[in-house]
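Worksheet: one structure, shown below.
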Amino acid sequence: MDAFASSDSILALQALGVAALSGFVIGFEREWTQELEKRRHAFAGARTFTLAGLVGALAALLVDGGTLIAVALGAVGALAVIAHYIDARETKDRGGTTELALLATVLLGAAAGRGEPVVAASGAVAIAVILSVKNMIEDWARSLSRTEIHAALRFLAVSVLVLPFLPDQALGPYAVLNPRELWLLVVLISGLSFLGYWLVKIFGARRGIVATGAVGGLASSTATTLSVSRFASEGRVEPKAAAAAILLANVVMLARIAALLGAISINVLIAAAPALVAAAMAGATIAVILLRGKPGELSGEAPVVLGNPFELRPALIFAVLLAVILVVSAYAVEKFGSAGLLTVGVLSGLADVDAISLSASRQAAAGIVTPEIAATASLAAAGANMIVKGAMATWIAGHKTGVVVAGAFAAMIVAGAMALFLV
0 MDAFASSDSI LALQALGVAA LSGFVIGFER EWTQELEKRR HAFAGARTFT LAGLVGALAA
60 LLVDGGTLIA VALGAVGALA VIAHYIDARE TKDRGGTTEL ALLATVLLGA AAGRGEPVVA
120 ASGAVAIAVI LSVKNMIEDW ARSLSRTEIH AALRFLAVSV LVLPFLPDQA LGPYAVLNPR
180 ELWLLVVLIS GLSFLGYWLV KIFGARRGIV ATGAVGGLAS STATTLSVSR FASEGRVEPK
240 AAAAAILLAN VVMLARIAAL LGAISINVLI AAAPALVAAA MAGATIAVIL LRGKPGELSG
300 EAPVVLGNPF ELRPALIFAV LLAVILVVSA YAVEKFGSAG LLTVGVLSGL ADVDAISLSA
360 SRQAAAGIVT PEIAATASLA AAGANMIVKG AMATWIAGHK TGVVVAGAFA AMIVAGAMAL
420 FLV
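Residue 0 is where the sequence shown starts when you use numbering that gives the first Met the number 0, and the numbers rise one by one after that.
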């Protein structure tokens with residue numbers, strides 16, 4: 000009786016429970032998907048996957064578990080191959096996702112049996128999620144052109160192949176140019192831009208001009224402002240809806256700045272957070288008032304024009320711009336102190352906010368300037384950038400849209416400045 004109730008037995012029962020539950024979660028997803036796809040003969044469902052998880056756990060728990068796990072994996076693998084062969088003769092375009100998931104379930108069960116219940120449970124949830132997003136992934140793949148995919152792959156290849164060979168040491172004037180860190184920052188910016196680019200292509204056109212503006216701000220608030228202003232000038236969208244879309248694009252730009260600051264220096268993010276939140280709330284509130292619960296509809300086919308952020312040429316141009324800003328910022332701080340960095344922030348913000356945000360954050364992380372000064376420089380750049388985009392909107396879209404945008408930008412800048420200096 001004591002042996003039956005020993006701690007080892009209890010742990011073994013817990014492992015079996017986790018393994019069975021992990022298999023059931025994956026199998027239930029397969030069962031649901033097969034029912035959704037109207038498949039009459041399913042190779043494996045909830046019961047089969049549950050048993051596969053138990054097989055893996057039992058193999059791990061028994062003596063000489065390593066050999067038994069290999070035997071169990073081989074036996075289940077052989078069963079999966081035979082089932083796949085039979086099913087593939089009757090079904091065109093038959094994939095092997097279910098069979099691979101079954102093998103993974105055996106290994107998850109073995110992990111539970113080896114005393115890793117968290118790994119088994121987490122792996123089961125991850126696999127179930129991956130299996131369930133099949134249609135979403137297909138939509139994503141269809142939304143990107145061959146040119147875009149090739150550009151992304153080229154950029155990723157260069158990033159992975161070149162990065163290990165870049166020197167990880169301070170070079171250049173003021174020793175502020177670390178080639179490896181510089182390229183990592185370029186990859187970070189491109190990753191954020193590609194996320195926004197991808198969201199625009201998938202969700203923007205379906206949700207109207209306001210949603211397009213919001214997700215476009217993650218890729219490029221300037222490009223989004225120009226595109227939406229053009230739509231307004233052509234009469235494809237109402238002026239208030241266009242203004243709201245531009246505002247939301249720049250609210251998202253503030254979130255993007257926060258992400259960049261936090262990636263380099265959490266202290267700079269903390270210093271900038273009150274101003275960023277205040278400005279974002281002001282912009283979002285005005286956008287909601289402009290919409291009054293009615294989403295803006297865009298007439299005709301008119302996608303937001305965004306350059307592919309994974310093209311090598313724009314990435315290299317940004318790398319050069321970032322390097323220049325790093326050197327100029329270091330020089331300005333040495334010669335003029337905090338005022339020099341703030342001046343560089345305003346001037347660079349007329350063209351780009353990302354470079355000065357990264358540069359100021361790096362200087363704060365290195366102890367060259369305080370987090371408060373770095374935050375102020377980034378916010379000054381954002382303010383200058385919004386002033387330029389307000390002028391763009393007025394020039395391109397006309398006064399009905401541009402005056403509203405400029406006024407809202409002014410309110411955002413004032414709200415941010417008050418939060419920065421009063422909080």
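Even glycine gets a Cβ: it sits at the ideal position worked out from N, Cα and C.
- The stretch 161-169 makes no contact with the stretch 352-361: fewer than 3 CB pairs, one atom from each, lie closer than 8 Å.
- A contact between stretches requires three or more CB pairs, one per stretch, nearer than 8 Å, and the stretch 332-345 fails this requirement with the stretch 314-323.
- Non-local beta-carbon contacts of Leu155 in its own chain, meaning distances under 7 Å to residues more than five positions away in sequence, are absent.
- Taking Ala19 as the centre and dropping the five residues before and after it, the same chain places the C-beta of Thr49, Gly52, Leu53 closer than 6 Å to its C-beta, in chain order.
- Measuring C-alpha to C-alpha distances from Thr223 to each of Leu12, Ala392, Ser8 identifies Ala392 as the nearest.
- The alpha-carbon separation between Gly73 and Ile25 amounts to approximately 20 Å.
- At a Cβ-Cβ threshold of 7 Å, Gly195 and Val214 count as neighbours.
- Following the DSSP letters along the chain, one finds Asp353 inside the alpha helix (DSSP H) bounded by residues 353-364.
- With fewer than 16 neighbouring CB atoms inside 10 Å of its own CB, Leu421 falls in the exposed class.
- Its chain contains Ala127, Leu130, Ser131 as the residues whose beta carbon lies nearer than 7 Å to that of Glu28, once the 5 sequence neighbours on both sides are disregarded; these appear in chain order.
- Taking a contact as a CB-CB distance under 8 Å, the pair Ile355 and Gly344 counts as one, their CB atoms being some 5 Å apart.
- Here Ile68 is buried. Its C-beta has 16 or more other C-beta atoms within 10 Å.
- Measuring C-alpha to C-alpha distances from Gly415 to each of Val387, Glu233, Ile372, Pro273 identifies Pro273 as the nearest.
- In its chain, beyond the 5 residues on either side, Ala243 have a beta carbon closer than 6 Å to the beta carbon of Leu290.
- The distance from the Cβ of Ala373 to that of Gly348 is about 14 Å, inconsistent with a contact at the 8 Å cut-off.
- Leu321 carries a helical assignment under DSSP once its states are collapsed to helix, strand and coil.
- Taking the CA atoms as reference points, Val186 sits about 12 Å from Leu259.
- Secondary structure note for Thr369: it is in no alpha helix (DSSP H), with a DSSP letter that is neither H nor E.
- In this structure, DSSP gives Leu107 a helical state, which the three-state scheme calls helix.
- In this chain, the alpha helix (DSSP H) harbouring Gly212 covers 208-232.
- Leu419 has its alpha-carbon roughly 12 Å from the corresponding atom of Val267.
- Take the alpha-carbon of Glu371 and the one of Val118: they are about 42 Å apart.
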